[in-house]
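As structure tokens, the structure follows; a few thoughts come after it.
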Amino acid sequence: MTVSLTRPEISVVIPIYNEQAGLAALFARLYPALDQLGTSYEIVFVNDGSRDNSVSILAEQFRARPDVTRVVLFNGNYGQHMAILAGFEAARGEIMITLDADLQNPPEEIGNLVAKMREGYDYVGSIRRKRQDSAWRTYASKAMNSLRERITNIKITDQGNMLRAYGRNVIDLVNQCAEVNTFVPALAYRFARNPTEIIVEHEERSAGESKYSLYSLIRLNFDLVTGFSLVPLQFYSMMGMLMSLISGLLVVVLLVRRLFLGAEAEGVFTLFAITFFFMGVILFGIGLLGEYVGRIFQQVRARPRYVVQTILQQKPGEALDGVQAGVEKRTVGRSS
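Put into structure tokens, the structure is as follows:
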């Protein structure tokens, strides 16, 4: 099925980072699933500085299906969400789908998201029916989801699932943002007029390993919380006032005790424990403040968020021999 890329209905954005082992399986399921929808589409692969043979495999796939395939190549590694934002910038569809390359979300589910978008929604999230992750990741994710919703008031049931659909109105607003540290689903949720969620299937990884370590997940959640809420800072401000009040009352109690009952020696270690607890809370608060200040520092430096080195794409009306790998060293947004 040959489809013009002038203005497709559907754009599928897929970030790629060291996925050579699973790309063949992805291609074998993704293209047939989209062909069966019977509408115009494009697939935008964004290579996020892969160190394996992913680029070569993507180039081969581009030559095999240049009518519906585009490949954006970064000059380095900038992270999954920067890759998605670059895909949004390059994509031209009216409905934007984000999908991971590991096949944990079946490409066959794309049709369900598109059908839901056609009902009039401009943001369709997805909830994994039965997660195929390890137990600690499942429980940790649920705990962070609950905490995040209370802090940011962003209602995303399954924040770790990247299979989502966005309307062009939402993507246009996302493309106007120049945030250095952001969480794409939450950012789009803020702009959506009529969001909803559906349940999708979830499978084990077809190949390779997860690119998110525990440290990466912690960083991602810091980006989410600090990027969409001031509640943590306000919480520590109120805690500081409460601690000051309690400390003042404790001083009064100790002074009264000394005047009427004499000096106290038995409670020294209790006071030490209280002091160390307060010190730990204070240091944590300083670290949290540092997270906000660090993000402000990254933003005001005004560096490019990412650099697109090359875009492999076929210009409308050109034959395969005329395909151009447009080398565009362009900067978009701001980065650290």
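First residue of the sequence shown? That's 1188 in the working numbering, and the numbers climb one at a time after it.
Glycine residues also receive a C-beta, built at the ideal position from the N, C-alpha and C atoms.
Being a predicted model, the structure only gives us computed values, none of them experimental.
- With 16 or more other Cβ atoms inside 10 Å of its own Cβ, Val1199 counts as buried.
- In the three-state DSSP reduction, Val1480 falls in the helix class (H, G or I).
- Under DSSP, Ile1282 forms a beta bridge with Ile1197 and Gly1354.
- For the pair of segments examined, the region 1424-1442 was found not to touch the region 1348-1360: the number of CB pairs separated by less than 8 Å stays below three.
- Of all alpha-carbon atoms in Leu1476, Lys1317 and Ser1313, the one lying nearest the alpha-carbon of Ile1343 is that of Ser1313.
- The region 1270-1290 and the region 1223-1241 touch, with three or more beta-carbon pairs separated by less than 8 Å.
- Pairing Pro1491 with Glu1196, the inter-Cα distance amounts to about 30 Å.
- Per the C-alpha coordinates, the member of Ile1271, Ala1251 and Glu1247 positioned closest to Val1495 is Ile1271.
- In the pairwise beta carbon analysis, the region 1205-1212 is classified as touching the region 1236-1256: at least three pairs are separated by under 8 Å.
- Between the alpha carbons of Leu1436 and Val1443 lies a distance of about 11 Å.
- Rounded to whole angstroms, the Cβ separation of Ala1212 and Leu1290 is 6 Å, and the two are in contact under 8 Å.
- DSSP places Val1231 within a strand segment (E or B) once states are collapsed to three.
- Under DSSP, Pro1202 takes part in a beta bridge, and its partners are Val1233.
- The beta-carbon distance between Ile1338 and Ser1416, rounded to whole angstroms, is 5 Å. This is short enough to meet the 8 Å contact definition.
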